[in-house]
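**Q** In the numbering used here, the protein residues as written are 154 to 275. Where a beta carbon is used, it is the ideal one built from N, C-alpha and C, also for glycine. Here it is, the structure in full.
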């Protein structure tokens with residue numbers, strides 16, 4: 154079982170009506186009532202997101218969703234977008250947040266905090 158998400162990380166679920174999504178120029182509503190379409194948009198603060206880490210996140214997310222839906226494997230119609238928000242471009246609580254402010258809170262291992270600092274040039 155993969156490790157749980159770190160405390161403070163947010164996941165938002167948004168459901169769209171089938172006539173509000175299209176794949177290949179065709180409305181999902183026109184694909185029939187059994188269309189199994191899912192788009193998962195992962196947005197993260199800039200940090201140590203090497204390709205192998207991104208791959209793990211996407212694969213674990215798809216596996217967890219398949220498990221939650223009682224499926225042996227993810228549907229081929231499920232998509233994951235992995236977006237990195239530039240440092241200084243993430244806002245909440247009336248201001249701009251920095252990943253750097255989280256590095257000394259214990260949320261990250263010392264090794265990961267060091268890698269993030271190196272990546273961000275801090």
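For residue 189 and residue 198, I'd like the C-alpha separation in whole angstroms.
**A** 30 Å
**Q** Measuring CA to CA, which of 236, 180, 184, 232 is closest to residue 193?
**A** 232
**Q** Using a 10 Å radius around the Cβ and a threshold of 16 neighbouring Cβ atoms, would you call residue 240 buried or exposed?
**A** buried
**Q** Return the CA-CA distance between residue 238 and residue 252, expressed in angstroms with no decimal places.
**A** 10 Å
**Q** So what's residue 175 in DSSP terms, helix, strand or just coil?
**A** strand
**Q** Counting along the chain, where does the beta strand (DSSP E) carrying residue 236 start and finish?
**A** For residue 236, the enclosing beta strand (DSSP E) starts and ends at 231 to 238.
**Q** Quick one, which of 206, 179, 168 has its alpha-carbon nearest residue 268's?
**A** 206
**Q** My output table needs one value for residue 167: the three-state DSSP class, helix, strand or coil.
**A** coil
**Q** Comparing C-alpha positions only, which one of 229, 214, 257 sits nearest to residue 235?
**A** 214
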